[in-house]
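A short worksheet on the structure shown next.
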Amino acid sequence: MGASTDMRRLNVFEALGDLTLYHLNQLGRMGQFLVRCLVSMFLPPYKLMPVVEQIHFIGAMSVFVVAFTGAFTGMVLGLQGYYSLSQFGSESALGSAVGLSLIRELGPVLTALMVTGRAGSAICAEIGIMRNSEQIDALECMAIDPHRYLMVPRFAAALICLPLLTCIFDVIGIFGGYVVGVKLLGVNEGAYFVGMYKSVVWGDIYMGLIKSVTFAVLIVWICASKGFFLHLERKGGFGAEGVSKATTNAVVLSSVAILVFDYLITAILL
Amino acid sequence: MQKRPPVIQLINLEKAFGRQKVLRGASISIEEGKTTVIVGASGQGKSVLLKHMLGLLRPDSGQVLVHGKDINRIKKKELTRIRSDIGVLFQGSALFDSMTVFDNVALPLRERTRLDESAIRARVEEKLSLMDLNEIDGKYPAQLSGGMKKRVGLARALVMDPKIVFLDEPTTGLDVRKSKEIYRLFFKTQTQLGYTAVIVSHDAPKIFKLADYIALVADGKVQDCLSPEQFQLSENPYIKAFVMDTMGKIYFGEEDPL
Ligand SMILES: Nc1ncnc2c1ncn2[C@@H]1O[C@H](COP(=O)(O)OP(=O)(O)O)[C@@H](O)[C@H]1O
Ligand SMILES: [Mg+2]
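Heads up: the sequence lines are chains A and B, in that order. So in the working numbering, spot 67 of the first sequence is number 67, and the numbers just go up one at a time. So the working numbering is basically just the index in the second sequence, starting at one, shifted up by 1000.
See the structure below:
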């Protein structure tokens, strides 16, 4: 009786230790993976075409959804901002409120979340299927480095596209706020833009840029490595179900990581 | 005759997946320029053995020596160099499923050589016509039959003119004529190019004609690695049983009820 409870207690600790080791292990390999990818990105030979293809997939094909989200985010900011600000009789500050919240926070974060949903999930699934059907092993046996061949174009494309998509989001969002605030609710047009012009400084744009670059790395890193290490998943990364689980995990994990890093970067830069 | 040092040497490999011990002290030497055929029942660890030779799996204990160097200890760069002389056909073909047949075969040339596109085209088409695949070079792997995938994989494995060739069940899923043809082709290119070959096959006893050495994997070990003649006369119980099973009718005059 006593022995068996002891055993169970031991098993609980064992399981806990197992879990900890597994996660430490995973963190270690993901770290190594990131370093390898980033290092090979800066070493020659550089190949342009694969990067262009990925820019098309990660960037160009996200433009519509990013523009759409940007428009509605800006519009709702115009609406909410107007009603909050009008309570204090300071509707004229609407431009600066919309501009600052878009450029500093919502632009980079929402763009990154949209790209995670659109491209991150696809990256994870694609790499995961390649892992499952031994295609990555085949690459390694052909002496083709999968980090360079598969990952570098994706990292490069994301690093180029996310800041640009964020800019699109910001501009369209500001315009959406303008349509609602100025055209619909009658805020003074000059006040909207001059207020924004006066309150947004270079530091704000810089912060947005830092964020979007960081999120680009986070998205590709988490999504690609979840697929790449599919065969090492603790509860079996096999078959279609393994891929779908890993993809879900990757999207959740990178969304959470985006929000956490958003806070951290804000806290450091403010 | 002077014996050349082995190209690949597995020494006392042990490998477990979870609780399942697949290899329990497997050792084998692969001689240069020879064809070694690995036989054994399904699920005995033949593919696992091959993956250790390629450095895709890490043994729990034991060593994998390629050209005398432990491939789990050497630098990545050196491993890449060793692998650039290797051609592999995986059991599941492992074709890149988002690329056409042509691009699959061309990939190693594009990534590892500085040939221009027309030279690449020439070489790929030569290999594809060897395998009778000219007409399908624009198709995707998902549009091919199992046997065709195998042949595409074979073309891809041979396109770089490798020094060592690993073929995991190259003819499983092919009809008799096609598989004969592949072996004939293989024999021809091997005498021409003199590469070292490691073939996993279920085509005993046909494959014995092609083999310089035959190794039987059973019970987590390589039971023995012998020339075809010695293999058929071996006293090892596993080998004896295998020979009985595959060749009983011919060699022992027994009636096979099936
Ligand atoms: N990646 C893996 N994870 C877990 N078990 C594996 C793995 N690869 C192979 N095995 C197991 O190892 C054994 C040998 O497999 P394999 O080498 O593919 O057999 P075969 O001799 O038919 O090629 C099988 O029982 C298989 O279940
Ligand atoms: Mg096998």
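Cβ coordinates follow ideal geometry from the N, Cα and C atoms, glycine included. Every value quoted in this text rests on a predicted model; they were computed, and no experiment measured them.
Contact under 9 Å by Cβ, residue 1030 of chain B with residue 1054 of chain B: Not closer than 9 Å, so no.
Nearest residue (CA-CA) to residue 63 of chain A, options A:124, A:166, A:46, A:159: Checked all of A:124, A:166, A:46, A:159; the closest Cα to residue 63 of chain A is A:166.
Inside the region 1035-1080 of chain B only - beta strand (DSSP E) runs reaching at least 3 residues: 1035-1039, 1061-1066
Residue 1135 of chain B: CB within 8 Å of a non-hydrogen atom of ligand 2: no
Per-residue DSSP class, three states only, for residue 1201 of chain B: coil
Cβ pair residue 104 of chain A, residue 18 of chain A closer than 9 Å: no
Rounded straight-line distance, which links the Cα of residue 1183 of chain B to that of residue 1134 of chain B: 19 Å
Other residues of its chain near residue 153 of chain A: CB distance less than 8 Å, five sequence neighbours each side excluded: 47, 50, 51, 53, 54
Beta-carbon separation (whole angstroms), residue 190 of chain A vs residue 96 of chain A, contact threshold 8 Å: With 8 Å as the limit, residue 190 of chain A and residue 96 of chain A do not qualify as a contact, their Cβ atoms being about 13 Å apart.
Residue range of the unbroken alpha helix (DSSP H) whose run includes residue 228 of chain A: In the DSSP annotation of this structure, the continuous segment of the alpha helix (DSSP H) that includes residue 228 of chain A starts and ends at 202-228.
CB of residue 214 of chain A within 9 Å of CB of residue 121 of chain A, strictly: no
Members of the region 1069-1100 of chain B that neighbour chain A once the beta carbon cut-off is set at 9 Å: Residues 1076, 1079, 1080, 1081, 1082, 1083, 1084, 1085, 1086, 1087, 1088, 1090, 1091, 1092, 1093, 1094, 1095, 1096, 1097, 1098.
Distance cut-off 8 Å: residue 1025 of chain B Cβ against heavy atoms of ligand 1: no
Per-residue DSSP class, three states only, for residue 1001 of chain B: With a pLDDT of 48 at residue 1001 of chain B, under the threshold of 50, the modelled position of that residue is not reliable, and the figure given next carries that caveat. Three-state DSSP puts residue 1001 of chain B in coil, outside helix and strand.
Residue 134 of chain A: CB within 8 Å of a non-hydrogen atom of ligand 2: Taking the Cβ of residue 134 of chain A as the reference point, every heavy atom of ligand 2 lies at 8 Å or farther away.
Contacting residues, own chain, Cβ-Cβ under 8 Å from residue 251 of chain A (five flanking each side not counted): Taken in chain order, the residues that qualify are 116, 117, 120, 121, 124, 223.
Cross-chain neighbours of residue 1111 of chain B in chain A, by beta carbon under 8 Å: 142, 144, 149
Contact set between the region 1036-1057 of chain B and chain A, restricted to residues whose Cβ is under 7 Å from the partner: 1054, 1056
Buried or exposed (CB count within 10 angstroms, at least 16 for buried), residue 1244 of chain B: exposed
Proximity below 9 Å, CB of residue 1056 of chain B to CB of residue 1028 of chain B: no
9 Å Cβ cutoff, residue 1108 of chain B in contact with chain A: yes
CB contact flag (residue 1088 of chain B, residue 1105 of chain B, <9 Å): no
Residue 1254 of chain B - DSSP class collapsed to helix/strand/coil: At residue 1254 of chain B, the pLDDT of 48 sits below 50, so the modelled position is not reliable; the number obtained from the coordinates is stated separately. Three-state DSSP puts residue 1254 of chain B in coil, outside helix and strand.
Residue 240 of chain A versus residue 1201 of chain B: straight-line alpha-carbon distance, rounded: 29 Å
Whole-angstrom distance between residue 261 of chain A and residue 107 of chain A, CA atom to CA atom: 14 Å
Element boundaries [beta strand (DSSP E), containing residue 1029 of chain B]: For residue 1029 of chain B, the uninterrupted beta strand (DSSP E) run begins and ends at 1020-1030, by DSSP.
Proximity test, Cβ basis, 9 Å: residue 1322 of chain B and chain A: Here chain B comprises residues numbered 1001 to 1258, so residue 1322 of chain B is not present and cannot be evaluated.
Candidates A:265, A:220, A:82, of which the one nearest residue 37 of chain A by Cα: A:220
Selected residue, minimal CA-CA separation from residue 1143 of chain B, among B:1095, B:1228, B:1128: Checking every option, the nearest Cα to that of residue 1143 of chain B belongs to B:1095.
Interface residues of chain B facing residue 134 of chain A [CB-CB closer than 7 Å]: Within 7 Å Cβ-Cβ: 1090, 1092, 1094.
Cβ of residue 951 of chain B within 9 Å of any chain A Cβ: Residue numbering for chain B in the displayed model covers 1001 to 1258; residue 951 of chain B lies beyond these limits and cannot be assessed.
N- and C-terminal bounds of the alpha helix (DSSP H) containing residue 178 of chain A: Counting along the chain, the unbroken alpha helix (DSSP H) around residue 178 of chain A starts and ends at 152-178.
Burial state of residue 112 of chain A, where buried means 16 or more other Cβ atoms lie within 10 Å: buried
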